[in-house]
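A.B. asks: The following block contains the structure, expressed as structure tokens.
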Amino acid sequence: MAPVIEKVVDGLTFAESPYWDANNQCLYFVDLMESTVYRYAPRSKRKLRQVKIENHKISMIIPVMERKNRFIIGLNNSIAVMDWNRKDSEVKSINKLYEVDIDYVNFFTGGKFDLTGRLWAGTTTDYGVSGNFRGKLYSFDEEGVVKCHRIGIGISNGIAFDYNNKKMYFTDSLSQRIDQYDIDFNTGSLSNRQVIFSLYNHAEFDEDAICGGMTIDKEGNLWVAVFESSRVYKINPRIPDTVLQILQFPNSQITSITFGGKHLDELYVTSAGIQGNMEEIHGCVYRVTGLDVKGVPADKGVVL
Numbered sequence: 001m002a003p004v005i006e007k008v009v010d011g012l013t014f015a016e017s018p019y020w021d022a023n024n025q026c027l028y029f030v031d032l033m034e035s036t037v038y039r040y041a042p043r044s045k046r047k048l049r050q051v052k053i054e055n056h057k058i059s060m061i062i063p064v065m066e067r068k069n070r071f072i073i074g075l076n077n078s079i080a081v082m083d084w085n086r087k088d089s090e091v092k093s094i095n096k097l098y099e100v101d102i103d104y105v106n107f108f109t110g111g112k113f114d115l116t117g118r119l120w121a122g123t124t125t126d127y128g129v130s131g132n133f134r135g136k137l138y139s140f141d142e143e144g145v146v147k148c149h150r151i152g153i154g155i156s157n158g159i160a161f162d163y164n165n166k167k168m169y170f171t172d173s174l175s176q177r178i179d180q181y182d183i184d185f186n187t188g189s190l191s192n193r194q195v196i197f198s199l200y201n202h203a204e205f206d207e208d209a210i211c212g213g214m215t216i217d218k219e220g221n222l223w224v225a226v227f228e229s230s231r232v233y234k235i236n237p238r239i240p241d242t243v244l245q246i247l248q249f250p251n252s253q254i255t256s257i258t259f260g261g262k263h264l265d266e267l268y269v270t271s272a273g274i275q276g277n278m279e280e281i282h283g284c285v286y287r288v289t290g291l292d293v294k295g296v297p298a299d300k301g302v303v304l
């Protein structure tokens, strides 16, 4: 069966950082440009709920394990805990946990937890527009240890973990490539950086195309959103630059991706509709079925 792509949420500006909550069978995501977090529950009578957090860049939302109504969020250049019961249009409280890059105007672009409860999250200055590549890649663990693993980043973006092979994947979008690291999950250390995918090696990409968010399936293959290309690529990271499958979307500004659904056999894909998008298509969320592949459950957050 050929994959089926359907639009499930429309009218967004810059949808990003999708997270599938397997326990509650719902999708969380943010609209980065509208300072809004969303909960999409496909089986609920009221499928979509949201809350706006004025005057802040909200870059991610991840449920906290065993803490109802608590979420880890990226709040400008801070990591914070948000209390939101999902039925109210207001947030009960937001408490900052960590603040980074205070000396210049950086902000978080997203992040993911690993299986140890360590949060990995990266920053950007202004998406590299000014030429100031001051973004950094950080980790935050339950003991309060903050590590900076990489500097000089244009746009910190996709993160994925291969627990079987002890690998971490990361992309600086402006490098137009995906890097692989060996990762020690006990210590949170990275080593042996290698390029496993580069847009420069694929002639079909426009020069403006950049790698965005990504996720990993049970077979260890990466699914990568490519901004300004209308595409999601399935790649085999064990054989550099090996493309296994391409999904084509109506919207060129594909931002990120995650597996979801009862059996984790559906893809949820976020997109943007910002200035420069000549198609005049709003940002939206797509669901892709019929892929004959399953993802792995997303790791939940902990209170850091």
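Residue numbering for the sequence shown follows UniProt numbering, beginning at 1 and increasing consecutively. Ideal placement from N, C-alpha and C gives every residue a C-beta, glycine not left out.
1. Is it a yes or a no for the region 208-224 touching the region 254-272, going by three-plus beta-carbon pairs under 8 Å?
2. Helix, strand or coil for L174 per DSSP?
3. Okay, do the region 45-56 and the region 283-296 touch, 3+ Cβ pairs below 8 Å being the bar?
4. What three-state label does DSSP hand E266 in the structure shown?
5. Which residues mark the beginning and the end of the beta strand (DSSP E) in which V243 is found?
6. Any idea if K92 is buried or exposed, counting beta-carbon neighbours within 10 angstroms, 16 or more meaning buried?
7. Kindly provide the ranges of any beta strand (DSSP E) runs that are 3 or more residues long and lie completely inside the region 199-243, ordered along the chain.
8. Throw me the rounded Cβ distance for the S156 and T109 pair, which I believe falls under 8 Å.
9. How many Å lie between I53 and F107 at the Cα?
10. Please state whether the Cβ-Cβ distance between Q180 and Q194 is less than 7 Å.
11. Can you tell which of K218, G135, S173, W223 has its C-alpha closest to the C-alpha of N164?
12. How many Å lie between L199 and E266 at the Cα?
13. State the DSSP-derived secondary structure class of L115, mapped to helix, strand or coil.
14. In the DSSP assignment, find the beta strand (DSSP E) that holds P42 and state where it starts and stops.
15. For M82, does the three-state DSSP call read helix, strand or coil?
16. Taking the alpha-carbon positions, what's the N221 to S173 distance?
17. Helix, strand or coil for L137? Go by DSSP, reduced to three states.
18. Leaving out five residues on either side along the sequence, give the residues of the same chain with a beta carbon under 6 Å from the beta carbon of K96.
19. Quick check on this structure: which residue in M33, P297, L291, V296 has the alpha carbon closest to the alpha carbon of I5?
20. Here's a check: name, in chain order, each residue in its chain whose Cβ is nearer than 6 Å to the Cβ of N132, leaving out the five neighbours to either side.
21. Cβ atoms of V64 and V296: under 7 Å apart, would you say?
22. Going by DSSP in three states, M33 sits in which element: helix, strand or coil?
23. Evaluate contact between the region 226-237 and the region 202-210, counting only Cβ atoms and requiring at least three cross-stretch pairs below 8 Å.
24. Do you know how far the Cα of V9 is from the Cα of G261?
25. Compare the beta carbon distance of F71 and I61 with 7 Å and say whether it is the shorter of the two.
26. CB-CB under 7 Å to E99, same chain, minus the five flanking residues each way: which ones, in chain order?
27. When you compare the CB positions of G158 and T171, do they come within less than 7 Å of one another, or not?
28. In this structure, how does DSSP classify R287 when only helix, strand and coil are distinguished?
29. Does the Cβ of Y104 have 16 or more other Cβ atoms within 10 Å, making it buried, or fewer, making it exposed?
30. Would you mind sorting T187 into buried or exposed? The rule is 16 or more other CB atoms within 10 Å of its CB.
31. Determine the direct distance from the alpha carbon of E204 to that of L247, and round the result to whole angstroms.
C.D. replies: By the coordinates alone:
1. yes
2. helix
3. Contact annotation: the region 45-56 does not touch the region 283-296, with fewer than three C-beta pairs closer than 8 Å.
4. In this structure, E266 counts as strand in the three-state DSSP scheme.
5. 242-248
6. exposed
7. 210-216, 222-227, 231-236
8. 5 Å
9. 15 Å
10. yes
11. Among K218, G135, S173, W223, the Cα nearest to that of N164 is on K218.
12. If you take the alpha carbons of L199 and E266, they lie about 25 Å apart.
13. coil
14. Element bounds for P42: n/a, residue is neither H nor E.
15. strand
16. 19 Å
17. Here L137 carries a strand assignment [DSSP, helix/strand/coil].
18. Closer than 6 Å at Cβ, skipping near neighbours: S78, A80.
19. Measuring C-alpha to C-alpha distances from I5 to each of M33, P297, L291, V296 identifies L291 as the nearest.
20. T125
21. no
22. helix
23. Yes: the two stretches touch, three or more of their Cβ pairs being nearer than 8 Å.
24. 15 Å
25. Yes. Within cutoff.
26. N77, S78, listed in sequence order.
27. yes
28. strand
29. Answer is exposed; the Cβ neighbour count stays below 16.
30. exposed
31. 14 Å
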